[in-house]
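The block underneath contains the structure these notes are about, expressed in structure tokens.
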Amino acid sequence: MSVTRAEKPKKTGKSPVDYAKAPINADLTPKQKLGFLADMLRIRRFEQASLKLYQQGKMGGFLHLYIGQESVAVGTLALMGENDHAITAYRDHGHALVVGMSMNECMAELLGKATGCSKGKGGSMHFFAPDKNFWGGHGIVAGQTPLGLGIAFALKYKGLKGCCLTYLGDGAVNQGVFHESLNIAALWDIPVVYIIENNQYSMGTSLARSSAIKSCLAERATGYDMDWDIVNGENLYEVRAKTWDAMQRAHEKCRPAILEIDTYRYYGHSVADANAKKYRKPEEIEFYKQNHDPINLWENRLKEEGIADEAVIKKLDDAAKKEAAAAVQFAEDSPFPELESIFDDIYYEVDMGTESGQTGRHFFND
Amino acid sequence: MPVITYRQALNDALAEELERDESVFLMGEEVAEYNGAYKITEGLWKRFGDKRVIDTPISEAGFIGLGVGAAMMGLRPVMELMFWSFAYVAYDQIINNAGCVRYMSGGLINCPLVIRGPANGGTNVGATHSHTPENFLANTPGLKVVCPATPADAKGLMKAAIRDNDPVCVMENTLLYGDQGEVPEGDYVIPIGVADVKREGTDVSLIAHGRAVLTCLAAAHRLHEEFNISAEVVDLRSIRPLDEETVLDSVRKTHRAVLVDENKPFCGVSAQIATMIQEKAFDDLDAPVQRVCSLDAPAIYSPPLEIQQLPTADRIIQKVLAVCS
Ligand SMILES: Cc1ncc(C[n+]2csc(CCOP(=O)(O)OP(=O)(O)O)c2C)c(N)n1
Ligand SMILES: [Mg+2]
């Protein structure tokens, strides 16, 4: 038996459909559209500032930059309503800023400061803001995929109309736990929307070298009787329209979905990626920057629509730079955590001083 | 006090907690329609329905991860592993996610999750089905581990585990499921982190958890009858948090300790107890601390040999005689 597989549309820069007219986009105000630009600029300026700190040796470990992918976080997360939740992997700064975490707490976390969003205990890969329905920030590739399922399960269990946007990379799709999660999601009608941010590489391994079917990753959903779609990630209107469709299906019918959003990262896998220039040609990166930069494309779109001009854009960009610079200052001025705090935030019962937390020995130091 | 089985005690605990709190649900392979591979959840699906008692596909990583996510959202999932040996395919979810998410979020999240199931050798099912990973799990700050040895402890600790706001691993034992014992009626909850002296004695402390406690009791009986040695049996009940005081009090009284552990010896639970005793009660000891663990090989299938691989009363008695002479 032979089957025809979906051919992914070639990148054209322009979508054949005008997604600006989709219902979720048609009523957007100029202010909202400028807000998307502001958020993309904020992510980029925040990360550029963080890169500088990294290069100055002020940060430990990894720094996975999201630069080039901003339209994915902004296009999808801005759709979240009261009962919608989100969870992602370690490339999490963009998601954090879009859900409303402050640059200050994020930058301070990068420097391992007590004022960081996780009090310096999580670092770059582990940002969380449950009060904003954002559940991290997870360092194990695809380890977050069943958590997103569980969050969505809990929404349904509680009778809330919501969904969990669960992000993963093009490399993460090959982890077993992701497939277990897909099967359970479809089997039980769990309102989880998996969003594959396909930036074409998992560390130094291209998609062609990691996935048997190279034309499309989202299509794996058909193996689980699940809806799926592919999305041109550089087009904010398309990202919003298709994500909204999937969210609606989750809200109304509790059906899960996979969206594969095409995107591209400009920097190495992490800043410490020694092979950043070996597994792809500098010309390739340059090509994407010139032709597919989501911020440039959105700026052009706003100019075409008469919503923004250079002066307006510059104002937003200056504000983003200023906010990032202030966050750097805040982070640098903040204290490191006290050594004693190393034993806080391990057990809820201990932290709260409950009877359970005071019964038996919990920590085994010499 | 009614006499019921360890299995019934667990079933009662689960039923009472399902009844008490809407946010509690049971999930695992064959827990609902099949009534549980070991019948621990018998009748609960019929009584509580599809929403509260849920059969899963054979996807331990997937459904344990689901439980962690649901717990982060404030539900109280009670996840059954058909065997704790199968936890190894869900290890990432247990250690990295359940165990670390509170820390990595700087205390913004907590995870009131219970993972339960049998963790024991002695049933002739070979190495893959006979693991006792309480030492691995207790090695992770952020997780709690309890190992009930009697029906009463099974009920009281299960209820405490479900009410606890941190992730608790409850290690049961298929060889104990049919054991009978007195179990207090009503809302019987045993605090996690409290050991129990199961038999008082004056000459030597036998310190154990899980089924090894019963092996110790058998040994203590014979030590008394055949050798006129009075052995005290301390049941740890909870591995993490650990009730150090009860252990140390016993050692200070008897001045001798033999640690009995169905774990493998290398970095087993008893290794932690031994180091604690020498750190904190060295001057009280009249003899070196001894251990009786599972023989240090993968669990053997051959039935007569497997009996000898696990700690036996004979091996315990030999060690006791060596330190009491
Ligand atoms: C289980 C596991 N294996 C390997 C790694 C190391 N690692 C971190 S990110 C990564 C690549 C993942 O790529 P992808 O899923 O495409 O996400 P991207 O980095 O492109 O956002 C690898 C191999 C890990 N963190 N976890
Ligand atoms: Mg990738």
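Protein sequences appear in the order of chains A and B.
Sequential numbering of the first sequence, starting at 7, is according to our numbering.
Sequential numbering of the second sequence, starting at 15, is according to our numbering.
Just so you know, even glycine gets a beta-carbon here, dropped at the ideal spot from N, CA and C.
Every value quoted in this text rests on a predicted model; they were computed, and no experiment measured them.
For residue i, does the three-state DSSP call read helix, strand or coil?
{"i": "residue 340 of chain B", "result": "Since the first residue of chain B shown is 15 and the last is 339, residue 340 of chain B is not available in this structure."}
{"i": "residue 229 of chain B", "result": "helix"}
{"i": "residue 295 of chain B", "result": "coil"}
{"i": "residue 263 of chain A", "result": "strand"}
{"i": "residue 105 of chain B", "result": "helix"}
{"i": "residue 283 of chain B", "result": "helix"}
{"i": "residue 77 of chain A", "result": "helix"}
{"i": "residue 277 of chain A", "result": "coil"}
{"i": "residue 19 of chain B", "result": "strand"}
{"i": "residue 38 of chain B", "result": "strand"}
{"i": "residue 301 of chain B", "result": "coil"}
{"i": "residue 249 of chain B", "result": "strand"}
{"i": "residue 29 of chain A", "result": "helix"}
{"i": "residue 211 of chain A", "result": "strand"}
{"i": "residue 324 of chain A", "result": "helix"}
{"i": "residue 336 of chain A", "result": "helix"}
{"i": "residue 59 of chain B", "result": "helix"}
{"i": "residue 348 of chain A", "result": "helix"}
{"i": "residue 62 of chain A", "result": "coil"}
{"i": "residue 301 of chain A", "result": "helix"}
{"i": "residue 342 of chain A", "result": "coil"}
{"i": "residue 206 of chain A", "result": "coil"}
{"i": "residue 51 of chain B", "result": "coil"}
{"i": "residue 286 of chain A", "result": "coil"}
Just the C-alpha distance for residue i and residue j, rounded to the nearest angstrom, thanks.
{"i": "residue 266 of chain B", "j": "residue 296 of chain B", "result": "9 Å"}
{"i": "residue 83 of chain A", "j": "residue 66 of chain B", "result": "31 Å"}
{"i": "residue 164 of chain A", "j": "residue 190 of chain A", "result": "18 Å"}
{"i": "residue 85 of chain B", "j": "residue 147 of chain A", "result": "21 Å"}
{"i": "residue 360 of chain A", "j": "residue 349 of chain A", "result": "16 Å"}
{"i": "residue 124 of chain A", "j": "residue 351 of chain A", "result": "10 Å"}
{"i": "residue 110 of chain A", "j": "residue 343 of chain A", "result": "16 Å"}
{"i": "residue 325 of chain B", "j": "residue 88 of chain B", "result": "41 Å"}
{"i": "residue 112 of chain A", "j": "residue 62 of chain B", "result": "44 Å"}
{"i": "residue 222 of chain A", "j": "residue 201 of chain A", "result": "13 Å"}
{"i": "residue 299 of chain B", "j": "residue 152 of chain B", "result": "26 Å"}
{"i": "residue 124 of chain B", "j": "residue 156 of chain B", "result": "10 Å"}
{"i": "residue 290 of chain A", "j": "residue 300 of chain A", "result": "16 Å"}
{"i": "residue 118 of chain B", "j": "residue 265 of chain A", "result": "28 Å"}
{"i": "residue 173 of chain B", "j": "residue 308 of chain B", "result": "30 Å"}
{"i": "residue 228 of chain A", "j": "residue 108 of chain B", "result": "29 Å"}
{"i": "residue 134 of chain A", "j": "residue 324 of chain A", "result": "27 Å"}
{"i": "residue 77 of chain A", "j": "residue 298 of chain A", "result": "11 Å"}
Which same chain residues, not among the five before or five after residue i, have their C-beta less than 8 Å away from its C-beta?
{"i": "residue 8 of chain A", "result": "With a pLDDT of 43 at residue 8 of chain A, under the threshold of 50, the predicted position of this residue should be treated as unreliable, and no value is reported."}
{"i": "residue 376 of chain A", "result": "Residue 376 of chain A lies beyond the range of chain A shown here (7 to 372); nothing can be said about it."}
{"i": "residue 103 of chain B", "result": "74, 75"}
{"i": "residue 15 of chain B", "result": "196, 197, 198, 199"}
{"i": "residue 258 of chain B", "result": "290, 294"}
{"i": "residue 252 of chain B", "result": "158, 159, 160, 161, 171, 206, 207, 208, 209"}
{"i": "residue 257 of chain A", "result": "167, 168, 169, 197"}
Leaving out five residues on either side along the sequence, give the residues of the same chain with a beta carbon under 6 Å from the beta carbon of residue i.
{"i": "residue 20 of chain B", "result": "165, 168, 190, 191, 193"}
{"i": "residue 118 of chain A", "result": "126"}
{"i": "residue 143 of chain B", "result": "97, 99"}
{"i": "residue 262 of chain B", "result": "294, 295"}
{"i": "residue 111 of chain B", "result": "82"}
Within 10 angstroms of the Cβ of residue i, are there 16 or more other Cβ atoms? Answer buried if so, exposed if not.
{"i": "residue 10 of chain A", "result": "Confidence is the limiting factor: at residue 10 of chain A the pLDDT is only 47, short of 50, which leaves the residue's position unreliable, though a coordinate-based value still follows. Exposed."}
{"i": "residue 302 of chain B", "result": "exposed"}
{"i": "residue 306 of chain A", "result": "exposed"}
{"i": "residue 188 of chain A", "result": "buried"}
{"i": "residue 43 of chain B", "result": "buried"}
{"i": "residue 22 of chain B", "result": "buried"}
{"i": "residue 281 of chain B", "result": "exposed"}
{"i": "residue 204 of chain B", "result": "buried"}
{"i": "residue 34 of chain B", "result": "exposed"}
{"i": "residue 25 of chain B", "result": "buried"}
{"i": "residue 330 of chain B", "result": "buried"}
{"i": "residue 292 of chain B", "result": "exposed"}
{"i": "residue 35 of chain A", "result": "exposed"}
{"i": "residue 215 of chain A", "result": "exposed"}
For residue i, which residues of its own chain have a beta-carbon under 7 Å away from its beta-carbon, when the five flanking residues on both sides are left out?
{"i": "residue 315 of chain B", "result": "138, 140"}
For ligand 4, I want to know if residue i counts as a neighbour, meaning its beta carbon is within less than 6 Å of at least one of the ligand's heavy atoms.
{"i": "residue 37 of chain B", "result": "Judged by which ligands are present, ligand 4 is missing from the structure shown, whose ligands are ligand 1 and ligand 2."}
In chain order, what residues have a CB nearer than 5 Å to some heavy atom of ligand 1? A/97, A/146, A/147, A/175, A/176, A/177, A/178, A/205, A/208, A/209
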